[in-house]
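Participant:
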């Protein structure tokens, strides 16, 4: 093997022009991993777009059953929203501590994030159980089928995010904050922030517009 | 890797540019703005602040603003040229999302308009 390396960078192009378009040759693994996960998140957003579209089309078809205005409790929805927002905040702070190699602080913020996610899920499950008990289950009308599918899919994502977080905390404790673990943490924090963005859509389209 | 080479790195999604000097302030400002947008949405939907037919538009504007806050302050998707790959992927995702949602609503609204009203359909039977 020759020791001479081939410089593929265009010499005359200023660095600011090359950045962000792969001009500098292969990006660091961290960037590649996070970019791949970003593509996954965007495809997940397209899944949610399908569910949002179904809800938007079917929201008015209550089939004589209860409508959103009769079913939704905005006080609970406000608490749910705050739980998710604060969990996004603690998730970000936890990621910051992980980058600074502060595992103890990271675990504290991860526990807070988990607790806030759990609070969100408890409120949501209580809401679902109450609706089913009132005879407003997913089989009642097209509106309720699409409601449970959309909001339930978001809840399932939150659940899987929490399971993933437990797994990551165990990795941090056992393996420490090594680069591979940091990459997984980065993907997880992208996932968690993305769930908050989906919730903004659920809050607006389903709850606030449903009640107004 | 020395600094001269690092300049050519693509931006990692979800990471502030100099992650080791990243600070709590960005997240805190983002949280504050997101809470403001959320409270704004609840106020708009629950009070007579807006002209009633304008409420859905107001809610939509606040939702898009809040999503922007999340993207910029939590996911660090700014407009810098080092973010081009990430922003392009996002733009494509947004395009598909709007095609799916907007297209479905548009087509289904037209279908409903062209359907015979239910009472007339029953009279024919």
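Residue numbers (the working numbering), protein chains in the order written: chain A, 312 to 523; chain B, 1188 to 1312. Using N, Cα and C, we set each Cβ at its ideal position, and we do this for glycine too.
1. Only counting the same chain, and skipping five residues up and downstream in sequence, which positions put a Cβ closer than 8 Å to that of residue 346 of chain A?
2. Buried or exposed, going by whether 16 or more other CB atoms sit within 10 Å of the CB of residue 1192 of chain B?
3. Using only CA atoms, which one of A:514, A:376, A:516 and A:349 lies nearest to residue 443 of chain A?
4. Give the interface partners of residue 1295 of chain B over in chain A, defined as CB-CB distance under 7 Å, in chain order.
5. With the cut-off set at 7 Å, would you say residue 369 of chain A and residue 454 of chain A are in Cβ contact?
6. Flag residue 515 of chain A as yes if its beta-carbon sits less than 7 Å from any beta-carbon of chain B, otherwise no.
7. Between residue 498 of chain A and residue 359 of chain A, how many whole angstroms is the CB-CB distance? I'm expecting something under 8 Å.
8. Residue 1280 of chain B touches chain A at which residues, Cβ-Cβ below 7 Å?
9. Tell me the rounded alpha-carbon separation between residue 417 of chain A and residue 423 of chain A.
10. Counting only beta-carbon separations shorter than 7 Å, does residue 1199 of chain B have a partner in chain A?
11. Beta-carbon within less than 8 Å of residue 461 of chain A's beta-carbon, same chain only, minus the 5 sequence neighbours each way: which residues are those?
12. Determine, using beta carbons only, whether residue 441 of chain A and residue 469 of chain A come nearer to each other than 7 Å.
13. Any Cβ of chain B within less than 7 Å of the Cβ of residue 469 of chain A?
14. Considering only their Cβ atoms, is the gap separating residue 353 of chain A from residue 1280 of chain B smaller than 7 Å?
15. Measure the C-alpha to C-alpha separation of residue 1235 of chain B and residue 1218 of chain B and round it to an integer number of angstroms.
16. For the alpha helix (DSSP H) holding residue 1302 of chain B, just list the boundary residues, first then last.
17. Give the DSSP-derived three-state secondary structure of residue 1293 of chain B in the structure shown.
18. In chain A, which residues lie with their C-beta within 9 Å of the C-beta of residue 1225 of chain B?
19. Using 7 Å as the threshold, is the C-beta distance between residue 503 of chain A and residue 466 of chain A below it?
20. Which residues, in order along the region 455-467 of chain A, keep a beta-carbon less than 9 Å from a beta-carbon of chain B?
21. Looking at C-alpha atoms only, which residue of B:1262, B:1278 and B:1225 is the closest neighbour of residue 1247 of chain B?
22. Within 10 Å of its beta-carbon, does residue 436 of chain A have 16 or more other beta-carbons around it, so buried, or fewer, so exposed?
23. Alpha carbon to alpha carbon, how far is residue 391 of chain A from residue 1245 of chain B? Give it in angstroms, no decimals.
24. Quick one, which residues of the region 1253-1277 of chain B are near chain A if we go by CB-CB under 7 Å, in chain order?
25. Let me know the secondary structure DSSP gives residue 350 of chain A once reduced to three states.
26. Under a CB-based cut-off of 7 Å, is residue 434 of chain A close to chain B?
27. Starting from residue 507 of chain A, trace the alpha helix (DSSP H) both ways and give me its first and last residue.
28. Compare the C-alpha of residue 425 of chain A against each of A:378, A:394 and A:445 and name the closest.
29. Is the CB-CB distance between residue 494 of chain A and residue 343 of chain A below 7 Å?
30. I want to see whether chain A comes within less than 7 Å of residue 1240 of chain B, judged by CB atoms only; does it?
31. How many whole angstroms separate the CB atoms of residue 379 of chain A and residue 521 of chain A, which I take to be in contact at a CB cut-off of 8 Å?
32. Is it buried or exposed for residue 451 of chain A, if we count other Cβ within 10 angstroms and need 16 for buried?
33. Run the CB neighbour count on residue 1256 of chain B, radius 10 Å, all protein chains shown included, and call it buried at 16 or more, exposed below.
34. Within a Cβ cutoff of 6 Å, which residues of the same chain sit near residue 398 of chain A, ignoring the five residues on either side of it in sequence?
Facilitator: Let me spell this out:
1. Your numbering for residue 346 of chain A matches position 35 in the first chain. Around residue 346 of chain A: 338.
2. Translated into the one-based positions of the second chain, residue 1192 of chain B becomes position 5. Note that residue 1192 of chain B has pLDDT 41, beneath the 50 cutoff, so the model's placement of it is unreliable and no number is given.
3. Stepping through the first chain from its first residue, residue 443 of chain A is reached at position 132. Nearest of A:514, A:376, A:516 and A:349 to residue 443 of chain A, Cα basis: A:376.
4. Taking the first residue of the second chain as position 1, residue 1295 of chain B is located at position 108. Those are 368, listed as they occur along chain A.
5. Locating residue 369 of chain A in the first chain gives position 58, counting from the first residue. Locating residue 454 of chain A in the first chain gives position 143, counting from the first residue. A contact, by the Cβ cut-off of 7 Å.
6. For the purposes of this step, residue 515 of chain A is identified with residue 204 of the first chain, where counting begins at 1. Closer than 7 Å to some Cβ of chain B, the Cβ of residue 515 of chain A qualifies, so yes.
7. Position 187 of the first chain, counting from 1, holds the residue named residue 498 of chain A. Position 48 of the first chain, counting from 1, holds the residue named residue 359 of chain A. With 8 Å as the limit, residue 498 of chain A and residue 359 of chain A do not qualify as a contact, their Cβ atoms being about 18 Å apart.
8. Along the second chain, read from residue 1 onward, the residue named residue 1280 of chain B stands at position 93. By Cβ distance, chain A contributes 353, 356 and 357.
9. Sequence index remark: in the first chain, residue 417 of chain A carries index 106 (1-based). Sequence index remark: in the first chain, residue 423 of chain A carries index 112 (1-based). Cα to Cα, residue 417 of chain A sits roughly 10 Å from residue 423 of chain A.
10. On the second chain, position 12 is the one that residue 1199 of chain B refers to. It does; some Cβ of chain A falls within 7 Å.
11. Residue mapping note: residue 461 of chain A aligns to position 150 of the first chain, counting from 1. Result list for residue 461 of chain A: 359, 362, 363, 365, 366, 513 and 517, in chain order.
12. As a first step, residue 441 of chain A must be located in the first chain, where it is residue number 130. As a first step, residue 469 of chain A must be located in the first chain, where it is residue number 158. Taking 7 Å as the Cβ cut-off, residue 441 of chain A and residue 469 of chain A do not qualify as a contacting pair.
13. Taking the first chain and counting its residues from 1, one reaches residue 469 of chain A at position 158. It does not: the Cβ of residue 469 of chain A has no partner Cβ on chain B nearer than 7 Å.
14. For the purposes of this step, residue 1280 of chain B is identified with residue 93 of the second chain, where counting begins at 1. For the purposes of this step, residue 353 of chain A is identified with residue 42 of the first chain, where counting begins at 1. Yes.
15. The residue labelled residue 1235 of chain B in the question sits at position 48 within the second chain. The residue labelled residue 1218 of chain B in the question sits at position 31 within the second chain. So the alpha carbons of these two residues sit roughly 26 Å apart.
16. Counted from its first residue, the second chain places residue 1302 of chain B at position 115. Element bounds for residue 1302 of chain B: n/a, residue is neither H nor E.
17. Looking up residue 1293 of chain B in the second chain gives position 106. The answer is helix: DSSP assigns residue 1293 of chain B an H, G or I state.
18. Here the question's residue 1225 of chain B lines up with position 38 in the second chain. By Cβ distance, chain A contributes 389, 392, 393, 396, 511 and 514.
19. Indexing the first chain from 1 puts residue 503 of chain A at position 192. Indexing the first chain from 1 puts residue 466 of chain A at position 155. No. Outside cutoff.
20. none
21. Your numbering for residue 1247 of chain B matches position 60 in the second chain. Of the candidates B:1262, B:1278 and B:1225, the one whose C-alpha sits nearest the C-alpha of residue 1247 of chain B is B:1225.
22. Counted from its first residue, the first chain places residue 436 of chain A at position 125. When all chains shown are included, residue 436 of chain A counts as exposed.
23. The residue given as residue 1245 of chain B occupies position 58 in the second chain. The residue given as residue 391 of chain A occupies position 80 in the first chain. Those two C-alpha atoms are separated by around 21 Å.
24. 1253, 1254, 1257, 1261, 1262, 1268, 1269, 1270, 1271, 1272, 1273, 1276 and 1277
25. Looking up residue 350 of chain A in the first chain gives position 39. Of the three classes helix, strand and coil, the one that applies to residue 350 of chain A here is helix, per DSSP.
26. Walking along the first chain from the start, residue 434 of chain A turns up at place 123. No - not a single Cβ of chain B is within 7 Å of the one on residue 434 of chain A.
27. In the first chain, counting from the first residue as 1, residue 507 of chain A sits at position 196. 490-513 is the span of the alpha helix (DSSP H), which, as asked, contains residue 507 of chain A.
28. The residue given as residue 425 of chain A occupies position 114 in the first chain. Per the Cα distances, A:394.
29. Locating residue 494 of chain A in the first chain gives position 183, counting from the first residue. Locating residue 343 of chain A in the first chain gives position 32, counting from the first residue. It is not a contact, given that the beta carbons lie outside the stated cut-off.
30. Position 53 of the second chain, counting from 1, holds the residue named residue 1240 of chain B. With 7 Å as the cut-off, residue 1240 of chain B does not count as an interface residue toward chain A.
31. Your numbering for residue 379 of chain A matches position 68 in the first chain. Your numbering for residue 521 of chain A matches position 210 in the first chain. Rounded, the Cβ-Cβ distance is 3 Å, consistent with contact.
32. The residue labelled residue 451 of chain A in the question sits at position 140 within the first chain. Classification of residue 451 of chain A: buried, given that the 10 Å Cβ count is 16 or more.
33. On the second chain, position 69 is the one that residue 1256 of chain B refers to. Buried: at least 16 other Cβ atoms inside 10 Å.
34. Taking the first residue of the first chain as 1, we reach residue 398 of chain A at position 87. Excluding sequence neighbours, residue 398 of chain A sits near 424, 427 and 428.
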